[in-house]
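Quick mapping for you: the protein sequence lines, in order, are chains A and B.
Residue numbers for the first sequence follow numbering that gives the first Met the number 0, so the first one is 0 and each next one is one higher.
Residue numbers for the second sequence follow numbering that gives the first Met the number 0, so the first one is 0 and each next one is one higher.
Even glycine gets a Cβ: it sits at the ideal position worked out from N, Cα and C.
Protein chains: 2
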Amino acid sequence: MSSAALPTLLAFFKALAHESRLKIVGLLASRELSGQELAALLALKEPTVSHHLAMLRELGLVRQRLDGNTHWWSLDLEALVALNRRLATRDDVAALAGGIEPDAWDRRVLENFLTPDGQLKEIPASRKKRWIVLRFLTLKFEADRRYPEAELNEILKRHHWDCATLRREMIGYRMMARDHGIYWRLPETGWQSA
Amino acid sequence: MSSAALPTLLAFFKALAHESRLKIVGLLASRELSGQELAALLALKEPTVSHHLAMLRELGLVRQRLDGNTHWWSLDLEALVALNRRLATRDDVAALAGGIEPDAWDRRVLENFLTPDGQLKEIPASRKKRWIVLRFLTLKFEADRRYPEAELNEILKRHHWDCATLRREMIGYRMMARDHGIYWRLPETGWQSA
DNA sequence: TATCTATTTTGATAAATATCGAATAAGGTT
DNA sequence: AACCTTATTCGATATTTATCAAAATAGATA
């Protein structure tokens, strides 16, 4: 995969996201044209056309051939098609989100419901957010250890007084399991998703 | 060919010609997300995200699934790929120029060098424009008729005094041919191109 | 019912972009 | 050399678009 998909494709879409530039590309697909001709065909002034052509040339979509003092412009169809093909598969598209922190949402939720020292201000009412907070609490317990209820309560109470509700919810989401008053953490893959 | 290629493709490129919208599409390529999650991931406020999503939905690039009061958004990859494929061949690209008057340039040149009643103000200095004026004059002659020099001159003089130069140029560009003082028009396909 | 949550719409402002006149550059013509 | 033609760059203005606060909507919860 070519690195940094987003900047290139953003420039590509911006370049073609204008009626005049799309028309220029369309006209040049049939024949070479000079700036003056383009200006006449598009009903624009030459500086404007020059500006658009510079933008297209920046991306390599058009080429400029100098002949005397007329500049003949032509389309680089291969370059256009190549750029176009960079958005052909789902993976191509997903690559556009490459630079994004994937847990910004989780962090925001935790920041909203926890005080800086880890106190849970309240148990979130919405399932989506409750799930995130419970995940955070569950990860306070070691994976391969068994906790008697008293110890579990003690740890939960560091974050919120209502350890009974927290306990019940953690079981409900299948984050924790219980047997005869002993609790342990379940693997994250089995957690109920919402 | 689907009719009116330009408006659809223009909307398509405009839709993706924005960093946030490209990122949204990229994020949704991997998983369904809610407006809040998108806002957090993009570091934008929800109204802004809502605005971008509405734009993408307009084009059918994303879908909205309502579950309670959270709206889950997902990518319609097929729609995206289909739009993308509309610019795959040279003919596709040329179709973008479909609505354009192809002779705007010629008309402009003729308007500049001819008075309203057809008098040639002067013979254009630049080859490109001279060619257009000579084409206009050549088409005053019938295709399958032979003209003695006197008649040719008489017709040319209706437009400009210097019929000798015009005659010479028309021969030079292979628009007209001559033999023993008789002139006739040549087929346009053979005219020298510049 | 009243209230809370996620979202959308509206309206006002800020940012980005298009357009073109005027000035500049550079090749051609006389 | 002086001048014309084509194209580009610069700078100022107009248009378009993005952003978000505040208000409106609608489902969920208590």
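*Note down, in chain order, each residue of its chain lying with its Cβ closer than 8 Å to the Cβ of I170 (chain B), except the 5 sequence neighbours on either side.*
As a working note, residue 170 (chain B) is residue 171 in the second sequence. Within the same chain, I170 (chain B) has close Cβ partners A176 and R177.
*Can the beta-carbon of L165 (chain A) be found closer than 8 Å to that of L136 (chain A)?*
Locating residue 165 (chain A) in the first sequence gives position 166, where the first residue counts as 1. Locating residue 136 (chain A) in the first sequence gives position 137, where the first residue counts as 1. Closer than 8 Å, so yes.
*asked:* With three or more beta-carbon pairs closer than 8 Å as the criterion, would you say the region 57-74 of chain A touches the region 92-107 of chain A?
replied: no
_Taking only three categories from DSSP, how would you classify D161 (chain A)?_
Walking along the first sequence from the start, residue 161 (chain A) turns up at place 162. Three-state result, D161 (chain A): coil.
_Per DSSP, the bridge partner or partners of T69 (chain A)_ = For the purposes of this step, residue 69 (chain A) is taken as the residue at position 70 of the first sequence. The partner list for T69 (chain A) (beta bridge, DSSP) reads A:D66.
*Inspect the beta-carbon positions of L40 (chain B) and W130 (chain A) and report whether they are closer than 8 Å.*
Translated into positions along the second sequence, residue 40 (chain B) becomes position 41. Translated into positions along the first sequence, residue 130 (chain A) becomes position 131. Result no, Cβ atoms of L40 (chain B) and W130 (chain A) do not sit closer than 8 Å.
_W71 (chain B) versus V24 (chain B) - alpha carbon distance_ = As a position in the second sequence, residue 71 (chain B) is number 72, starting the count at 1. As a position in the second sequence, residue 24 (chain B) is number 25, starting the count at 1. Cα to Cα, the separation comes out at about 13 Å.
*State the CB to CB distance for the pair L15 (chain A) and V92 (chain B), rounded to an integer number of angstroms; the pair is presumed to be in contact (CB under 8 Å).*
Residue numbering aside, residue 15 (chain A) sits at position 16 when the first sequence is read from its first letter. Residue numbering aside, residue 92 (chain B) sits at position 93 when the second sequence is read from its first letter. Actually they do not touch by this definition, with Cβ atoms about 10 Å apart.
*Count the CB pairs spanning the region 4-18 of chain B and the region 153-167 of chain A that are closer than 8 Å, and state whether there are at least three.*
no
_Separation of V132 (chain A) from N111 (chain A), as counted between CA atoms_ = On the first sequence, position 112 is the one that residue 111 (chain A) refers to. On the first sequence, position 133 is the one that residue 132 (chain A) refers to. Cα to Cα, N111 (chain A) sits roughly 10 Å from V132 (chain A).
_Cβ-based neighbour list, R56 (chain B), same chain, cut-off 8 Å, excluding 5 preceding and 5 following_ = Taking the first residue of the second sequence as position 1, residue 56 (chain B) is located at position 57. Here the set comprises R62 and Q63.
_Residue range of the alpha helix (DSSP H) that includes W183 (chain A)_ = One-based indexing of the first sequence puts residue 183 (chain A) at position 184. No alpha helix (DSSP H) contains W183 (chain A), which is instead part of the beta strand (DSSP E) from I181 to R184.
*So, using beta-carbon positions, are N83 (chain B) and N68 (chain A) closer together than 8 Å?*
For this step, residue 83 (chain B) is matched to residue 84 along the second sequence. For this step, residue 68 (chain A) is matched to residue 69 along the first sequence. Going by C-beta atoms, N83 (chain B) is not nearer than 8 Å to N68 (chain A).
*asked:* Considering only DSSP beta bridges, list what A176 (chain B) is partnered with.
replied: Here residue 176 (chain B) corresponds to residue number 177 of the second sequence, with the count starting at 1. B:W183.
*Would you identify the three-state DSSP class for S19 (chain B), choosing helix, strand or coil?*
If you number the second sequence from 1, residue 19 (chain B) lands on position 20. If DSSP states are grouped into helix, strand and coil, S19 (chain B) belongs with the helices.
*asked:* So the candidates are B:R184, B:E153, B:T114 and B:E77; which of them puts its Cα closest to the Cα of R144 (chain B)?
replied: Taking the first residue of the second sequence as position 1, residue 144 (chain B) is located at position 145. Selected option, being the one with the closest Cα: B:R184.
*Which bits of chain A does W104 (chain B) rub up against, with CB to CB less than 8 Å?*
Within the second sequence, residue 104 (chain B) is the residue found at index 105, counting from 1. Per Cβ cutoff of 8 Å: Q35, E36, A39 and L40.
*asked:* Which residues of the region 85-101 of chain A have a Cβ closer than 9 Å to any Cβ of chain B? Give them in chain order.
replied: L86, A87, T88, R89, D90, D91, V92, A93, A94, L95, A96, G97, G98, I99, E100 and P101
_Which of the three DSSP states is assigned to S192 (chain B) in this structure?_
By 1-based counting over the second sequence, the position of residue 192 (chain B) is 193. Three-state result, S192 (chain B): coil.
*Closer than 7 Å, Cβ to any Cβ of chain A: which residues of the region 0-25 of chain B, in chain order?*
L5, L8, L9, F12, K13, L15, A16, E18, L21, K22, V24 and G25
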